[in-house]
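Data first, discussion second: the structure below is written as structure tokens.
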Amino acid sequence: MNLIILSLVIFIILYGALWLISNMDKKTFSGMFKFGIVLVSILSIILLILAGRYLLSLPFFAVLGTALKRSLFNFINIIYLYRLIATILRIRNARPNNSFGSSVSEINDAYKTLELARNCSRKDIINAHKEKIKKAHPDKSGSTELASKINRARDILLEIHK
217 MNLIILSLVI FIILYGALWL ISNMDKKTFS GMFKFGIVLV SILSIILLIL
267 AGRYLLSLPF FAVLGTALKR SLFNFINIIY LYRLIATILR IRNARPNNSF
317 GSSVSEINDA YKTLELARNC SRKDIINAHK EKIKKAHPDK SGSTELASKI
367 NRARDILLEI HK
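For the sequence shown, our numbering begins at 217 and goes up steadily by one.
Here is the structure:
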């Protein structure tokens, strides 16, 4: 029943829009059509940028520039925009998301988790990790949380002892 009502509402809206378009003069129709293209382009650009798909938004800039008939969005500026977006993405990807700028408490917890002294070597860290992970491995009825904590401790300490 809901499908029938929904189909009826869509049909009425579509019929009304087509009737409105057929009774419009050409100038009003072209103005509304241009406004619709600009609105859809701007919404698409905003949604694609929010979704992180920067490069997919470039064609909408071209459509927007054509619809607005502005020289601001010409082909050369779109190339510069592409280069700018590529540079921004490169800088963003060069910065580590999970940087181990670990706090002192995290470092202390890492030493406690692996039961190591502060003056240990890389080899000691790797051996302690192997022993701990054998006991706490999730496949051997260990805890997943404990295994991830051990792995995180190993990563923090190996980052320090480069």
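Even glycine gets a Cβ: it sits at the ideal position worked out from N, Cα and C. It should be emphasised that the depicted structure is a prediction, and the values quoted were computed from it without experimental measurement.
{"Item": "Nearest to A326 (by Cα), restricted to the options D355, L255, A267 and H377", "Value": "H377"}
{"Item": "Minimum C-alpha distance to A302 - residue among L274, S238 and S319", "Value": "L274"}
{"Item": "Alpha-carbon to alpha-carbon, E322 and T329", "Value": "10 Å"}
{"Item": "Identity of the residue in I228, A369 and F276 nearest N343 by Cα", "Value": "A369"}
{"Item": "Where E375 sits in the DSSP three-state scheme", "Value": "helix"}
{"Item": "Proximity below 9 Å, CB of I253 to CB of V279", "Value": "yes"}
{"Item": "Cβ-Cβ separation, L374 to R338 (assumed contact under 8 Å), whole Å", "Value": "7 Å"}
{"Item": "Alpha-carbon spacing of L263 relative to I294, whole angstroms", "Value": "19 Å"}
{"Item": "Whole-number beta carbon distance between F276 and I261, since they are thought to touch under 8 Å", "Value": "5 Å"}
{"Item": "Residue interval of the alpha helix (DSSP H) (run including H345)", "Value": "R338 to A352"}
{"Item": "For A233 and N313, the rounded distance between their alpha carbons", "Value": "Only weak support is given to the placement of N313: the predicted model assigns it a pLDDT of 49, under 50, and the question is left unresolved by the model."}
{"Item": "Sub-9 Å separation of A363 and I349 beta-carbons", "Value": "yes"}
{"Item": "Range covered by the alpha helix (DSSP H) that runs through N239", "Value": "Where N239 is concerned, there is no enclosing alpha helix (DSSP H), given that its DSSP letter is neither H nor E."}
{"Item": "Opening and closing residue of the alpha helix (DSSP H) in which K356 lies", "Value": "Premise fails: K356 is in no alpha helix (DSSP H) and is neither H nor E."}
{"Item": "N367 in three-state terms, based on DSSP", "Value": "helix"}
{"Item": "Whole-angstrom distance between T360 and A352, CA atom to CA atom", "Value": "8 Å"}
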